[in-house]
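Taken in sequence, the protein lines are chains X and L. Counting along the first sequence from 1, when you hit position 74 you're at 185 in my numbering, and nothing is skipped either side. Counting along the second sequence from 1, when you hit position 36 you're at 147 in my numbering, and nothing is skipped either side. Okay, so here's the structure we're looking at.
2 protein chains.
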Amino acid sequence: MSLKTTISSSRVEGTDVYNLAGEKLGAIDDLVIDKRTGHVRYAALEFGGFLGMGSDRFPLPWSMLTYDTEKDGYVVNLDMEQLRSGPHYAKEDRPDYSDEYGRGVYDHYGAHWGV
Amino acid sequence: MSLKTTISSSRVEGTDVYNLAGEKLGAIDDLVIDKRTGHVRYAALEFGGFLGMGSDRFPLPWSMLTYDTEKDGYVVNLDMEQLRSGPHYAKEDRPDYSDEYGRGVYDHYGAHWGV
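So, in structure tokens, the structure goes:
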């Protein structure tokens, strides 16, 4: 068994996401990558389809995701309410991921916006 | 029309790759991401299925890929022979993308291995 330092995008897509309380929040639908630097800017979390909400996409900074081998999924330190009030969009209405939009997402979660 | 600075992983997967002579080399099969930094380390190019070769995966540093809107594909500055002699592996036999392996790939193509 080796501690792999890399993961493939196709392996990330579809992986479940939980919060610290063990509640399943949804699954990663897609990764959004900075073309120039090759940095993953966000993981788009598919969240919802319950409580009357549709299944929207919630962009999360990559650094917020921690992989949990027991759960075979990612864990984020967010309760449902925090996530629900976070930036999101309809799948078919993806925003232009400008730096401005990105900074808004990072600011919302208190994540560090690197270059 | 806006110059998007980001692209989604699902959009990259399946995108064709050409060389400067306009020859189609194959298509991107997958992206390999550094878990800690969120950096795309390689795009895995599916190349072959002709000249008696099976369809292997050829890891290419992200920085080598330039998107060409006319071709709706990526262009790399490699002729077939250069690619053929480059690092590759069978799809079902993906190596552990260690730093050592990664540096070997970057060295082969003269790409800069950043942190």
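Virtual Cβ for every residue (Gly too), placed ideally from N, Cα, C.
Fill in: chain X within 8 Å of L171(L), Cβ atoms only
As a working note, residue 171(L) is residue 60 in the second sequence. Put simply, the CB of L171(L) is far from chain X, with every gap to its CB atoms at 8 Å or more.
Worksheet entry | Terminal residues of the beta strand (DSSP E) in which L171(X) lies | Start at 1 with the first residue of the first sequence, and residue 171(X) comes out as number 60. S166 to P172 is the extent of the beta strand (DSSP E) around L171(X).
Discussion item. Quick check: the Cα distance between S113(L) and S196(L), rounded to an integer number of angstroms?
Written reply: One-based indexing of the second sequence puts residue 113(L) at position 2. One-based indexing of the second sequence puts residue 196(L) at position 85. Note that S113(L) scores 49 on pLDDT, short of 50, meaning its location in the model is unreliable and no value can be drawn from it.
Fill in: Per-residue contacts from Y63(X) into chain L (C-beta, under 8 Å)
The first residue shown for chain X is 112 and the last is 226, placing residue 63(X) beyond what the model contains.
Practice prompt. Within its chain, find whatever has a CB closer than 7 Å to the CB of Y178(L); leave out the 5 residues flanking it on each side and keep chain order.
Written response: Translated into positions along the second sequence, residue 178(L) becomes position 67. For Y178(L), where only same-chain residues beyond five positions count, the Cβ hits under 7 Å are Y185.
Worksheet entry | Cβ neighbour criterion (16 or more within 10 Å) applied to D207(X) | Position 96 of the first sequence, counted from the start, is the residue given in the question as residue 207(X). Here D207(X) is exposed, its C-beta having fewer than 16 other C-beta atoms within 10 Å.
Worksheet item: So which residues of chain L does D127(X) contact, with C-beta pairs closer than 8 Å?
Response: Along the first sequence, one-based indexing puts residue 127(X) at 16. Those within 8 Å of D127(X) in chain L number zero; the least Cβ separation is about 17 Å.
Worksheet item: Counting along the chain, where does the alpha helix (DSSP H) carrying S119(X) start and finish?
Response: Here the question's residue 119(X) lines up with position 8 in the first sequence. Looking at the DSSP string, S119(X) is not in any alpha helix (DSSP H); the run it does join, the beta strand (DSSP E), is T117 to S119.
Discussion item. Let me see if you follow: with CB-CB separation under 8 Å, is G149(L) close to chain X or not?
Written reply: The residue given as residue 149(L) occupies position 38 in the second sequence. True, the Cβ-Cβ gap to chain X drops below 8 Å.
Worksheet item: How would you call H223(L), buried or exposed, if buried means at least 16 neighbouring beta carbons within 10 angstroms?
Response: To locate residue 223(L), count along the second sequence from 1; it is residue 112. Under this definition H223(L) is an exposed residue.
Worksheet item: So, I139(X) versus V123(X), is the Cβ gap smaller than 8 Å?
Response: Within the first sequence, residue 139(X) is the residue found at index 28, counting from 1. Within the first sequence, residue 123(X) is the residue found at index 12, counting from 1. It is a contact, given that the beta carbons lie within the stated cut-off.
Worksheet entry | CB contact below 8 Å: M112(X) versus chain L | For the purposes of this step, residue 112(X) is taken as residue 1 along the first sequence, with counting starting at 1. Note that M112(X) scores 40 on pLDDT, short of 50, meaning its location in the model is unreliable and no value can be drawn from it.
Worksheet item: L156(L) and L142(L): beta carbons closer than 8 Å?
Response: Within the second sequence, residue 156(L) is the residue found at index 45, counting from 1. Within the second sequence, residue 142(L) is the residue found at index 31, counting from 1. In this structure, L142(L) does not lie closer than 8 Å to L156(L) by Cβ.
Worksheet item: Quick one: is S120(L) buried, meaning 16 or more other Cβ sit within 10 Å of its Cβ, or exposed?
Response: By one-based count along the second sequence, residue 120(L) stands at place 9. S120(L) should be labelled buried.
Item to complete: Hey, could you find the ends of the beta strand (DSSP E) D232(L) is sitting in?
Response: Because chain L spans 112 through 226 in this model, residue 232(L) falls outside it and cannot be assessed.
Worksheet item: With 8 Å set as the bound, which would you pick, yes or no: does the beta-carbon of E230(X) sit closer than that to a beta-carbon of chain L?
Response: The requested residue 230(X) is not part of the displayed model; chain X covers only 112 to 226.
Practice prompt. Please list the partners that S120(L) has in chain X, where partner means a Cβ-to-Cβ separation under 9 Å.
Written response: Taking the second sequence and counting its residues from 1, the one referred to as residue 120(L) is at position 9. Within chain X, the residues whose beta carbon sits less than 9 Å from that of S120(L) are S120, S121, V123, E124, D141, L142, V143, I144 and V151, listed in sequence order.
Item to complete: Have a look at L171(L) and Y153(L) and give me their C-alpha separation to the nearest angstrom.
Response: One-based indexing of the second sequence puts residue 171(L) at position 60. One-based indexing of the second sequence puts residue 153(L) at position 42. About 5 Å.
Worksheet item: R168(L): buried (16+ other C-beta within 10 angstroms of its C-beta) or exposed?
Response: As a working mapping, residue 168(L) is identified with position 57 in the second sequence. It counts as buried.
Worksheet item: Thinking C-beta only, is D145(L) closer than 8 Å to T117(X)?
Response: As a position in the first sequence, residue 117(X) is number 6, starting the count at 1. As a position in the second sequence, residue 145(L) is number 34, starting the count at 1. When the beta-carbon positions are compared, T117(X) and D145(L) come within less than 8 Å of each other.
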